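All remarks here apply to the structure that follows.
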Amino acid sequence: MVLKRTILVTRPEPGLAESVSELENRGWDAIACPSLIIHHNQPFSNIDCDALLITSAQSLPALAMQSRDQFLLTVGEKTAFKARQQGFRNVCSAKGNALSLIQLCKEKGLIGKKLILACGQGWRGQNYGDSLTESLQAQAMIAYKVERATLMPLKAQLALKEQKVAAILFYSAETLSAFMNLCPKELHETLKNVRAICYSKAIADKAAFYASWAAIEVATYPSIQS
0 MVLKRTILVT
10 RPEPGLAESV
20 SELENRGWDA
30 IACPSLIIHH
40 NQPFSNIDCD
50 ALLITSAQSL
60 PALAMQSRDQ
70 FLLTVGEKTA
80 FKARQQGFRN
90 VCSAKGNALS
100 LIQLCKEKGL
110 IGKKLILACG
120 QGWRGQNYGD
130 SLTESLQAQA
140 MIAYKVERAT
150 LMPLKAQLAL
160 KEQKVAAILF
170 YSAETLSAFM
180 NLCPKELHET
190 LKNVRAICYS
200 KAIADKAAFY
210 ASWAAIEVAT
220 YPSIQS
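Dropping the structure here:
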């Protein structure tokens with residue numbers, strides 16, 4: 000039996016090329032298959048606030064003009080690391096989800112209109128992070144907008160059709176639902192032989208709803224053998 004090594008990477012740029020490279024370094028034949036397109040807004044002018052909140056590194060370009068001493072709270076350590084790489088010195092990270100970020104803000108006494116959430120806006124016009132603005136009475140500022148891709152790359156389509164795909168990597172519930180919309184209906188049946196690799200359990204639960212898979216796993220960078 001030949002071990003399949005092809006994996007589809009559904010995240011958008013920026014970050015897509017980095018993930019493809021990392022997976023190839025781990026032995027995968029990674030195919031870029033972005034299901035979403037990100038449009039960044041112009042950087043915000045200097046914001047007078049007690050703290051800034053972000054739930055995605057996609058929001059960082061909008062903060063390019065902010066003081067590097069501004070208190071910045073992130074949803075997780077990976078985003079915090081990227082913020083520090085961009086020069087922010089006063090960064091604190093939560094435990095990877097909105098609930099933990101809400102708890103972190105409350106522990107630090109951060110609540111109200113002087114708390115700014117730099118967030119994305121989904122393809123349906125919904126703001127990401129509504130639970131944060133509601134729970135913390137914070138203000139939302141749109142850092143980027145998301146739209147769905149309209150055509151799956153031919154290379155990805157052929158790999159699915161020829162049963163070469165071992166796994167598909169999903170980074171968010173949005174990339175998952177957009178991928179299912181993007182994937183031609185005649186190829187949905189092939190997914191029963193493909194592993195769905197999800198960044199979180201919440202994404203994995205949604206994957207089970209959308210299709211039958213060979214397996215559903217929660218991992219950041221899957222091994223070929225698993």
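Take 0 as the starting number for the sequence shown in numbering that gives the first Met the number 0 and just add one per residue. All C-beta atoms in this analysis are idealised placements derived from N, C-alpha and C, irrespective of residue type, glycine included. Owing to the predicted nature of the structure, the values given are computational and were not obtained by experimental measurement.
Local Cβ density within 10 Å of S225, reported as buried at 16 or more and exposed below that: Because the pLDDT of S225 is 39, which lies under 50, any placement of that residue in the model is unreliable, and the number read from its coordinates should be weighed accordingly. Result: exposed.
DSSP three-state assignment for E12, whether helix, strand or coil: Coil.
Hey, out of C182, H187, N180 and A213, whose CA is closest to I196's CA? Minimum Cα distance to I196 is reached at A213.
Given K154, which residues of its chain have a CB within under 7 Å of its CB, disregarding the five upstream and five downstream residues? In chain order, I30 place their CB closer than 7 Å to the CB of K154, counting only its own chain and leaving out the 5 sequence neighbours on each side.
With distance defined between alpha-carbon atoms, name the residue in E106, A201, I101 and W122 nearest to L116. Among E106, A201, I101 and W122, the Cα nearest to that of L116 is on I101.
Figure out for me which residue from P33, T5 and E21 has the closest Cα to the Cα of T149. The residue among P33, T5 and E21 with its C-alpha nearest the C-alpha of T149 is P33.
Beta-carbon proximity list for R88, same chain, < 8 Å, skipping 5 on both sides: Same-chain partners within the cutoff: R67 and D68.
Beta carbon of L103, beta carbon of C118: below 8 Å? In this structure, C118 does not lie closer than 8 Å to L103 by Cβ.
Distance between A210 and E133 (C-alpha atoms, nearest Å): Rounded to the nearest whole angstrom, the C-alpha separation of E133 and A210 is 33 Å.
What are the partner residues of Y143, as DSSP defines its beta bridges? Partner(s): H39 and G119.
May I ask you to list the residues that DSSP assigns as paired with R194? DSSP lists A166 and A214 as partners of R194.
Find out if the Cβ-Cβ distance for the pair A61, L109 is shorter than 8 Å. Not in contact: A61 and L109 (Cβ atoms no closer than 8 Å).
Please name the residue or residues paired with A31 in a DSSP beta bridge. For A31, which the question treats as bridged, DSSP gives the partners V8.
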